[in-house]
Amino acid sequence: FVLTQGSPRWEDTHLTYRIENYTPDLSRAAVDHAIEKAFQLWSSVSPLTFTKVSESQADIMISFVRGDHRDNSPFDGPGGNLAHAFQPGPHIGGDIHFDEDERWTNNFRDYNLYRVAAHELGHSLGLAHSTDIGALMYPNYIFSGDVQLSQDDISGIQAIYGPSQNPTQPIGPQTPQVCDSKLTFDAITTIRGELMFFKDRFYMRTNPFYPEAELNFISVFWPHLPNGLQAAYEVADRDEVRFFKGNKYWAVKGQDVLYGYPKYIYRSFGFPRTVKNIDAAVSDEDTGKTYFFVANKCWRYDEYKQSMDAGYPKMIAEDFPGIGSKVDAVFQKDGFFYFFHGKRQYKFDTKTKRILTLQKANSWFNC
Amino acid sequence: HSFPAATSETQEQDVETVQKYLENYYNLKNDAKQVERQRNNDPVVEKLKQMQKFFGLKVTGKPDAETLNVMKQPRCGVPDMAQ
């Protein structure tokens, strides 16, 4: 996180705000609600309190304006610059301006007012932009479905105003660090010749343009997929990737989620209802056999017959000796299976049923 | 965030995109004279490197496709570098 230069802050932590005018894109109630939720985010993690007033001058004045609105920071029409806010201080200090040339929404569509208001309020309270892509104070607009303060945001606001009076100190999600040697994964899959690694709300992939692996929100590609995916595998000859969470799964083709999903794993694959979720999955491109890993067992599904093979489930050790009794994630590359459990990664030859190498989980990220 | 794009030639409007972005968010003075740039280290390159470092991109000082891609994304109007 970064504090605004000069570390400006409000001496009085009980602040007032006023919504001077309303965008026609949403009902007044929806605007009031979005702004109120944004204030609640920051008051829940700090000693700050906010009171809405309807008349006279408030500490934080909120308005919807377009183009040059005489604050020497003109807006630029649709897209680009969405809003701005001023650091704590008298008069224009703390004020927030939203660009009326944008379409303001209270859902996924661009641009979600609650999400932008939460960011701009960070500036009104003394925060500058963060380089943490998982932080609300990151400069670019990314809407990942839910609006929450990351640990980076919480640490920033508490560096200015101290902790909240909440007996249990609130904590926020941490953004994975691709070169953290303790990094573990929720799921990994191939996708059109690339590898994608999943953790919490994020995907990671190697990319020639980024010195380290690229990391961003899963919602950038698949806005309607849930966070915290548990397994994923690609059926390459159908150009399809399947994502699993709990007893449901989604199928995507590129960035499109296929119609009719999510579906239940019981109906589609024939799992018994005792199976509550899948830990990992991989489809062997050479045989059309998909392996599902559930706790210490594995199931084998025939993609051509579209049914489970007889004789399964088996203990994982029977088909894949040496990789342990739990799998976090697995993918196939160049005919080999790569199994991940915790910080460990096993390269496995399915023909000889032998482990060829043992590596760190994040060995693919050129750290 | 499309799948890796081929590095395209920087079009004329891309030069303008870069100039405007760096003026708005990285304090590039828009009065930097062309002649001054030839003599000293080009302020655009320095600012571009600052922006690439901020966004975790490869720090090349050149407006490659990925850098332009980030510059074209909707964002907050507050500068990334203190004025």
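These protein sequence lines map, in sequence, to chains A and B.
The opening residue of the first sequence carries number 3 in the numbering used here; numbering runs sequentially from there.
The opening residue of the second sequence carries number 7 in the numbering used here; numbering runs sequentially from there.
Every residue, glycine too, gets a C-beta built ideally from N, C-alpha and C.
Please read these numbers as outputs of a predicted model, since none were measured by experiment.
Residue-chain proximity (residue i, chain B), Cβ-Cβ < 8 Å
i      : result
A85/A  : yes
P141/A : yes
E102/A : no
T133/A : yes
Y268/A : no
Y293/A : no
H121/A : yes
S65/A  : no
H125/A : yes
Y113/A : yes
Q1/A   : This structure cannot speak to residue 1/A, because chain A is shown only from 3 to 369.
P90/A  : no
G136/A : no
G81/A  : yes
E242/A : no
S75/A  : yes
E214/A : yes
Residue j beta carbon less than 8 Å from that of residue i
i      : j      : result
F245/A : A234/A : yes
G136/A : I156/A : no
S217/A : F200/A : The identity of residue 217/A in the sequence shown is Leu, whereas the question assumes Ser. No, Cβ-Cβ distance for L217/A and F200/A is not below 8 Å.
A215/A : V243/A : no
E57/A  : A85/A  : no
A87/A  : A189/A : no
I51/A  : L129/A : For clarity, residue 51/A is Thr in the given sequence; the question names Ile instead. It is not a contact, given that the beta carbons lie outside the stated cut-off.
R321/A : D311/A : The residue asked about is misnamed: residue 321/A is Asp in this sequence, not Arg. Against a cut-off of 8 Å, the Cβ pair of D311/A and D321/A comes out as no contact.
F333/A : T133/A : no
Y293/A : I267/A : no
D86/B  : F60/B  : yes
N229/A : D258/A : no
K345/A : K362/A : yes
Residue i CB to nearest heavy atom of the ligand FAD below 7 Å
i     : result
K54/A : The model on display carries no ligand, and the ligand FAD is accordingly not part of it.
Spatial distance of residue i from residue j (CA atoms)
i      : j      : result
Q160/A : G326/A : 43 Å
N33/B  : A253/A : 45 Å
G324/A : T177/A : 32 Å
S285/A : G124/A : 45 Å
A71/B  : K353/A : 42 Å
K291/A : Q308/A : 10 Å
D97/A  : L17/A  : 12 Å
N114/A : D78/A  : 18 Å
C369/A : V222/A : 24 Å
I162/A : Y31/B  : 24 Å
F341/A : I280/A : 15 Å
K355/A : P274/A : 28 Å
E442/A : E22/B  : No statement about residue 442/A is possible, as the shown extent of chain A runs from 3 to 369 and does not include it.
N168/A : V47/A  : 8 Å
P49/B  : T73/B  : 17 Å
M63/A  : L138/A : 21 Å
K2/A   : G67/B  : The question about residue 2/A has no answer, for chain A in this structure spans 3 to 369.
K39/B  : V149/A : Its pLDDT being 45, under 50, K39/B is placed unreliably in this model, and the coordinates cannot settle the point.
E52/B  : G272/A : 59 Å
P49/A  : T15/A  : 7 Å
V84/B  : Y261/A : 40 Å
Contact with chain A by residue i, beta-carbon distance below 8 Å
i     : result
Q56/B : no
M49/B : Just to set this straight, residue 49/B is Pro in the shown sequence, not Met. For P49/B, the answer is no, since every Cβ of chain A falls outside 8 Å of its Cβ.
G67/B : no
D20/B : no
Q25/B : no
task: Report yes or no: do three or more beta-carbon pairs, one from the segment 136-143 of chain A and one from the segment 75-85 of chain B, lie closer than 8 Å?
output: Flag = yes, the segment 136-143 of chain A and the segment 75-85 of chain B touch.
message: Give the list of continuous beta strand (DSSP E) stretches no shorter than 3 residues that lie fully inside the segment 82-166 of chain A.
response: With a minimum length of 3 residues, the continuous beta strand (DSSP E) runs that stay inside the segment 82-166 of chain A are 85-87, 98-101.
- prompt: Is it true that the segment 285-302 of chain A meets the segment 314-331 of chain A, where meeting means three or more beta-carbon pairs spaced less than 8 Å apart?
  reply: Touching, yes, given that three or more Cβ pairs across the two stretches are closer than 8 Å.
message: Is it the case that the segment 23-37 of chain A contacts the segment 95-109 of chain A, given that we only count it when at least three CB pairs across the two stretches are under 8 Å?
response: Cβ pair count under 8 Å is three or more, so yes.
- prompt: Taking one C-beta from the segment 29-49 of chain A and one from the segment 106-122 of chain A each time, how about it: are there three or more such pairs within less than 8 Å?
  reply: Result yes; three or more Cβ-Cβ pairs closer than 8 Å.
field: Runs of beta strand (DSSP E) wholly within the segment 193-227 of chain A (minimum 3 residues, chain order)
entry: List check, beta strand (DSSP E) in window: 196-201, 204-207, 216-219.
- prompt: On the three-pair Cβ rule with 8 Å, is the segment 36-45 of chain A touching the segment 65-82 of chain A?
  reply: Verdict: no, contact absent.
field: 3-residue-minimum beta strand (DSSP E) runs that sit fully inside the segment 223-263 of chain A, ordered along the chain
entry: Counting only runs that start and end inside the segment 223-263 of chain A, the beta strand (DSSP E) elements of at least 3 residues fall at 233-237, 242-247, 250-255.
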